[in-house]
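Enquirer:
Residue numbers (the numbering used here): 9 to 252.
#1: Based on DSSP bridge pairs, tell me the residues matched to residue 200.
#2: Determine the contact status of residue 188 and residue 202, defining contact as a CB-CB distance below 9 Å.
#3: In this structure, how does DSSP classify residue 190 when only helix, strand and coil are distinguished?
#4: Which parts of the stretch 108-152 are runs of the beta strand (DSSP E), unbroken and 3 residues or longer, counting only runs that do not cross its ends?
#5: Between the Cα of residue 228 and the Cα atoms of 20, 55, 17 and 35, which residue gives the shortest distance?
#6: Are at least three pairs of beta-carbons, each pair with one atom in the stretch 54-72 and one in the stretch 116-127, less than 8 Å apart?
#7: Identify, in the order they occur along the chain, each residue of the same chain with its Cβ nearer than 7 Å to the Cβ of residue 236, setting aside the five sequence neighbours on each side.
#8: Between the Cα of residue 247 and the Cα atoms of 44, 17 and 9, which residue gives the shortest distance?
#9: Below 9 Å between beta carbons: does that hold for residue 27 and residue 233?
#10: Which runs of the beta strand (DSSP E), 3 residues or longer, sit entirely within the stretch 24-73?
#11: Considering only the beta carbon of each residue, do residue 152 and residue 133 sit closer than 9 Å?
#12: Out of 137, 131 and 81, which one is the CA nearest neighbour of residue 32?
#13: Can you tell me whether residue 85 is helix, strand or coil according to DSSP?
#14: Does DSSP classify residue 22 as helix, strand or coil?
#15: Can you tell me whether residue 10 is helix, strand or coil according to DSSP?
#16: In three-state DSSP terms, what is residue 158?
#17: Can you name the residues that DSSP bridges to residue 77?
#18: Could you check the C-alpha separation between residue 93 and residue 16 for me, to the nearest Å?
#19: Reducing DSSP to helix, strand and coil, say where residue 220 ends up.
#20: Just to check my reading of the structure: residue 30 and residue 53 have Cβ atoms closer than 8 Å, yes? What is that Cβ distance to the nearest angstrom?
#21: Taking the continuous beta strand (DSSP E) assigned at residue 173, which residues delimit it?
#22: How would you write the range of the beta strand (DSSP E) that residue 180 sits in, first residue to last?
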């Protein structure tokens, strides 16, 4: 079994697979628009040391071949090798970039009705029980909200203590009729919105009470290693036993 060493400090076992397959198995996803068929030329890397067998050199010039460039999807190690992967390709697999928040926030500010979070904060102010009104604490909560609400047993056990500790005025996080938690004074409530795109995956951290986007992180969708478009990825999944 041959070993593949890389210019970013990681070493992998070849296991008779193409370089692209070895990298995919080890969570290094190079772009491969054609799904590894050798017809797009995007997974071009350089073999600095060692021997590889190449089934195709599509898109690689003669001078590049002499310098050791190969298509990762068409190259099979025949000895221990050292490969150099361009930084722009490593960035596709490893680096997370920050996106500009202002551009997306501008959309929500112009169209506030677009933002309808599942979680809402509600301030509850109840009258304490007395001789004339001896309803259970949970019944008081339900009557105040004026709707059918549910609560898990863990939170339900806290209701009497929290109501009395906070003098019958509490903030709750409510989602689709369920009390999720009792909030501390001025406590923030955050949510995460995930946009799974063909090319990129974007995560937005949102203050759901104000609608403000706190931060955005994005990275390339690792499925680009199996094809740029959805159809190519479906074909890959169908043609390979472990493709799905």
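Ideal Cβ placement from N, Cα and C applies to all residues, glycine included.
Expert: Once the coordinates are examined:
#1: Paired residues: 213.
#2: Here residue 188 is not near residue 202, since their CB atoms are 9 Å or more apart.
#3: Under the three-state reduction of DSSP, residue 190 is assigned to strand.
#4: You should have 127-133.
#5: Of 20, 55, 17 and 35, the residue nearest in Cα terms is 35.
#6: Touching, no, given that fewer than three Cβ pairs across the two stretches are closer than 8 Å.
#7: Cβ within range, chain order: 41.
#8: Of the listed residues, the one whose Cα sits closest to residue 247 is 44.
#9: Cβ atoms of residue 27 and residue 233: not closer than 9 Å.
#10: Annotation: the stretch 24-73 contains the following complete segments of the beta strand (DSSP E) (minimum length 3 residues), in chain order: 52-57 and 60-62.
#11: Yes, the Cβ-Cβ distance between residue 152 and residue 133 is below 9 Å.
#12: Nearest C-alpha to residue 32 among 137, 131 and 81: 81.
#13: Per DSSP, reduced to three states, the secondary structure at residue 85 is strand.
#14: Note: residue 22 maps to coil in three-state DSSP.
#15: Residue 10 falls in the coil class under three-state DSSP.
#16: Judged by DSSP in its simplified three-state form, residue 158 adopts strand.
#17: For residue 77, the pairing in a beta bridge is given by DSSP as 54.
#18: The alpha-carbon separation between residue 93 and residue 16 amounts to approximately 8 Å.
#19: Residue 220 falls in the strand class under three-state DSSP.
#20: About 11 Å separates the beta carbons of residue 30 and residue 53, which is beyond the 8 Å limit, so they are not a contact pair.
#21: Unbroken run through residue 173 is the alpha helix (DSSP H), 167-173; no beta strand (DSSP E).
#22: Under the DSSP assignment, residue 180 falls in the beta strand (DSSP E) whose first and last residues are 177-183.
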